[in-house]
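Undergrad: Here the working numbering is used: the sequence shown runs in plain steps of one and ends on residue 331.
By construction, the Cβ of each residue, glycine as well, lies at the ideal position given by its N, Cα and C atoms.
Right, I'll just put the structure down here and ask away after.
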Amino acid sequence: MGYFILKIILTACIVAFVSELSRRYSLAAAVIASLPLISLLSIIWIYIETRDIQRLTELSYNIFWMVLPSLAFFLIFPALLKQGVVFWVSILIASSFTALLYGVAIRLLQ
């Protein structure tokens, strides 16, 4: 149980750090946020827990293919904001379109 709590705390600290950093240094926060931190942490936790190289290999390939549809969010969201669409509606539209692309990617990978 302590190990699980450690994973939660470490992950939450990274998210909070990026959030605070973005208040002053948007580009620096973007660099850190763009790092595959969640993927890296997941890979590390799985390796420590299982040492299953095959599982890590599959996970890495799947993460690669799932990153591609997620990139659409970062094009659609700011474009909507620039067009004057309110924040929450922009989030909803960009997230919905990204979810649709995830569905397409998952079907292609199966």
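1. With DSSP collapsed to three states, give me the class of G223.
2. Locate the alpha helix (DSSP H) running through L256, then write down its first and last residues.
3. Whole angstroms is fine: what's the gap from L262's alpha carbon to L301's?
4. Count Cβ pairs between the stretch 278-298 and the stretch 320-330 that sit closer than 8 Å; are there 3 or more?
5. Measuring only the C-alpha atoms, how far is L329 from N283?
TA: On the basis of the coordinates in this document:
1. helix
2. No alpha helix (DSSP H) contains L256, which DSSP labels as neither H nor E.
3. 32 Å
4. yes
5. 11 Å
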